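Residue numbers (the numbering used here), protein chains in the order written: chain A, 27 to 260; chain B, 218 to 628.
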Ligand SMILES: Nc1ncnc2c1ncn2[C@@H]1O[C@H](COP(=O)(O)OP(=O)(O)OP(=O)(O)O)[C@@H](O)[C@H]1O
Ligand SMILES: [Mg+2]
């Protein structure tokens, strides 16, 4: 069953006098439980596509369906709620609030929910445990290594137990050892049921994914997925 | 974790940055306000100083009468705005026989008169009041209770009144108008006998071009006695501090306690004062405006810089499911709170600065000045907060409208 279906996604960046077409009629589908690697040269539109799939960026045109919900025409607040419930983001630059401890950073996505404080803490501890950092919850980001910070960021992304995990070059800022550790973690999370779309520049990680989607100049040149495959119902 | 906790930690764990922001706004507010506070107080002081140069009110007996009782002075001090009355100088006028012909006598309270006529200059030494040990200022605050006591001191001692004891008496002070002194050929230090009393010429007024040039000035109590009009006054000149209370108000209040009396504002003085103070007020309002604009700019810029620094936080909060409005409000509220605090700090700093700098900037100013106006303080604090929010909000809300992915991207 498809978790994500994207139809005819176009995205135009309109910066002043010149408009730039970052995505040109992208069609794809991603099944529940899949681990997809999104690759392609710099500027090919990977981050843009990821952001659109995560309902963070609104595509200029086209339709995005996630878990059967058409998110294309959701209002601003609904999109925020949708992200809260369905999507966890992981960025290359960890983007942890420098004034919150690791545990508090992980709790942040729960602030907007109705979960009790005690339960918030419990969930955050669990997420930290999943990334192997249960001991370091009290530390501020500045007191953590880069690899640890990225793992805190992953814990924050999964604390709400979202079906979809979107990672934009999660190993980009890490050395090989830490990168491998993060990849192992993502593979593990995928096995636990999270559908993962990950942007990567490292070809070594491509085999870890079930499927590689290759972008070039804003169009998919390889692995668009099951949308056009016979037998798949969209 | 609640929103407030998040909010608190962002200040607590980044107090260095917060402090910088606080100091920025504090300096903006204090730098704006203290010159304004000082210039406003200068204005008041200037107005008061101006009021002290000459009388701005004259009181004369009801039409048809020549005298009024001493109690009138007490009535003047009974008005509601009595705290704004700076000098009350009563006078008695009359003609006396003297060896070389008639003399126009003006009985004055020496201390009060010279406080009123600061521009007078004399050759010799201006006498102090006849009342000896009574400090001059007490006269100004004569209450009903001590009026009797005061009056007793005004009485000429018996032995001086009796002609036989003239030789043993102390010499009375005499101040002469310039023309009179020249006519009679009297010089400083000379002893003159008037109506059986011995006077010493203490001072001679420099030419004034007014009636005083031809007058002999002696103590009011002695004059009243010599003129045989005990405890009677011909007129009273008053200088009031009108910076905080218009002269018309004082005039009408005096008219109320002294019905029938002629109470007149000295129009030239009032008009001149109005003109000078008015100019100064326009000037200080203008500087106030310019300086307020500068302050708003500074507070705005500081807030804007802070807002820009936190753009990525907006994007991140959005990415993890905070609504655009929530994020904008959350961060604006933080700046607003900081503005509130900084406004408070800034206003206190401005107050402190004004108090400390005042003696250096306005040396010798006697009139009491007020720097603290609660409403102004409240407005400042609110303004700092609102300006901060107003400057931060558009940046936050614009940032929130931008594609968050852009702010979180790898570049
Ligand atoms: N806000 C923007 N305004 C204008 N052009 C933009 C904007 N954001 C991205 N672009 C352009 O859109 C294209 C796709 O950008 P995107 O960030 O998706 O590329 P990417 O594949 O993630 O690249 P990289 O591997 O370097 O991260 C690029 O050419 C980029 O310059
Ligand atoms: Mg990218």
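All residues carry an ideal CB built from backbone N, CA and C; glycine is no exception. Since this is a predicted model, take the numbers as computed values, not measurements.
Which residues in the same chain have their Cβ closer than 6 Å to the Cβ of residue i, if we skip the five residues on either side of it in sequence?
i, result
"residue 594 of chain B", "564"
"residue 233 of chain B", "none"
"residue 82 of chain A", "none"
"residue 167 of chain A", "122, 124 and 175"
"residue 28 of chain A", "55 and 57"
"residue 129 of chain A", "150 and 163"
"residue 235 of chain B", "228"
"residue 46 of chain A", "39"
"residue 616 of chain B", "528 and 531"
Compute every distance between the C-beta of residue i and the non-hydrogen atoms of ligand 1, then say whether any falls below 7 Å.
i, result
"residue 268 of chain A", "In the structure displayed, chain A extends from 27 to 260; residue 268 of chain A sits before or after that span and is not available."
"residue 623 of chain B", "yes"
"residue 536 of chain B", "no"
"residue 48 of chain A", "yes"
"residue 86 of chain A", "no"
"residue 41 of chain A", "yes"
"residue 620 of chain B", "yes"
Which same chain residues end up closer than 7 Å to residue i when comparing Cβ atoms and leaving out the 5 residues on each side of it in sequence?
i, result
"residue 411 of chain B", "313, 315 and 320"
"residue 431 of chain B", "321, 394, 396 and 397"
"residue 135 of chain A", "110, 182, 185 and 186"
"residue 333 of chain B", "271, 272, 304, 306, 454 and 456"
"residue 589 of chain B", "568"
"residue 249 of chain A", "237, 238, 239 and 240"
"residue 138 of chain A", "110"
"residue 364 of chain B", "Interpretation of residue 364 of chain B is limited by its pLDDT of 44, a score under 50 that renders its predicted location unreliable; the figure taken from the coordinates is listed afterwards. 291."
Whole-angstrom Cβ separation of residue i and residue j, contact assumed at under 8 Å?
i, j, result
"residue 222 of chain A", "residue 216 of chain A", "5 Å"
"residue 531 of chain B", "residue 546 of chain B", "Incorrect: roughly 11 Å between the Cβ atoms, too far for contact."
"residue 551 of chain B", "residue 227 of chain B", "7 Å"
"residue 195 of chain A", "residue 118 of chain A", "4 Å"
"residue 241 of chain A", "residue 75 of chain A", "7 Å"
"residue 277 of chain B", "residue 570 of chain B", "Between residue 570 of chain B and residue 277 of chain B the Cβ distance is about 47 Å, and since that is not below 8 Å, they are no contact."
If you compare alpha carbons, which of the options is closest to residue i?
i, options, result
"residue 309 of chain B", "B:287, B:613, B:303 and B:328", "B:287"
"residue 618 of chain B", "A:106, A:63, A:162 and A:49", "A:106"
"residue 298 of chain B", "B:473, B:587, B:258 and B:518", "B:473"
"residue 543 of chain B", "A:48, A:29 and A:103", "A:103"
"residue 423 of chain B", "B:599, B:448 and B:338", "B:338"
"residue 235 of chain A", "A:212, A:71 and A:242", "A:212"
"residue 452 of chain B", "B:464, B:437 and B:463", "B:437"
"residue 499 of chain B", "B:606, B:609 and B:256", "B:256"
"residue 517 of chain B", "B:244, B:291 and B:222", "B:244"
"residue 50 of chain A", "A:248, A:249 and A:243", "A:243"
"residue 291 of chain B", "B:471, B:541 and B:538", "B:471"
"residue 520 of chain B", "B:278, B:282, B:231 and B:601", "B:601"
"residue 330 of chain B", "B:503, B:419, B:434 and B:221", "B:434"
"residue 53 of chain A", "A:30, A:204 and A:208", "A:30"
"residue 178 of chain A", "A:198, A:188 and A:155", "A:155"
"residue 613 of chain B", "B:528, B:242, B:505 and B:599", "B:528"
"residue 576 of chain B", "B:241, B:259 and B:249", "B:259"
"residue 401 of chain B", "B:318, B:605 and B:572", "B:318"
"residue 495 of chain B", "B:240, B:261 and B:238", "B:261"
"residue 201 of chain A", "A:225, A:115 and A:172", "A:172"
With hydrogens ignored, establish whether the beta-carbon of residue i is closer than 7 Å to any heavy atom of ligand 2.
i, result
"residue 73 of chain A", "yes"
"residue 93 of chain A", "no"
"residue 225 of chain A", "yes"
"residue 194 of chain A", "yes"
Leaving aside the five residues before and after residue i along the sequence, list all residues of the same chain whose C-beta is less than 8 Å from its C-beta, in chain order.
i, result
"residue 362 of chain B", "Summary for residue 362 of chain B: the model assigns pLDDT 39, below 50, so the residue's position carries little reliability, and this model does not support an answer."
"residue 623 of chain B", "532"
"residue 70 of chain A", "241, 242, 243 and 244"
"residue 246 of chain A", "52, 53, 54, 239 and 240"
"residue 475 of chain B", "276, 289, 292 and 293"
Give me the subset of the region 41 to 73 of chain A whose CB atoms are less than 8 Å from a CB atom of chain B, sorted by chain position. The residues in question are 73.
Any residues in the region 537 to 566 of chain B with a beta carbon nearer than 8 Å to a beta carbon of chain A? Which ones, in chain order? Close to chain A, meaning a Cβ-Cβ distance shorter than 8 Å, are the following residues of the region 537 to 566 of chain B: 537, 538, 539, 540, 541, 542 and 543.
Any residues in the region 589 to 614 of chain B with a beta carbon nearer than 9 Å to a beta carbon of chain A? Which ones, in chain order? Residues of the region 589 to 614 of chain B with a C-beta less than 9 Å from any C-beta of chain A: none at all.
Along the region 115 to 136 of chain A, what residues have a CB closer than 8 Å to any CB found in chain B? Correct list: 115, 117, 118, 119, 121, 123, 124, 125, 126, 130, 133, 134, 135 and 136.
What residues from the region 221 to 240 of chain B come within 7 Å of chain A, judged by C-beta to C-beta, listed N to C? Those residues of the region 221 to 240 of chain B that come within reach of chain A (Cβ to Cβ, closer than 7 Å) are 223, 226, 227, 230 and 231.
Which of the residues in the region 147 to 170 of chain A, read from start to end, lie with their CB under 9 Å from any CB of chain B? Cβ contacts with chain B: 147, 150 and 166.
If contact means a Cβ-Cβ distance below 9 Å, which residues of the region 73 to 96 of chain A contact chain B? Under the 9 Å Cβ criterion, the region 73 to 96 of chain A contributes 73, 74, 76, 77, 78, 80, 82, 83 and 84.
For the region 510 to 530 of chain B, which residues have a beta carbon sitting closer than 8 Å to at least one beta carbon of chain A? If you check each beta-carbon in the region 510 to 530 of chain B against every beta-carbon of chain A, the ones closer than 8 Å belong to 529 and 530.
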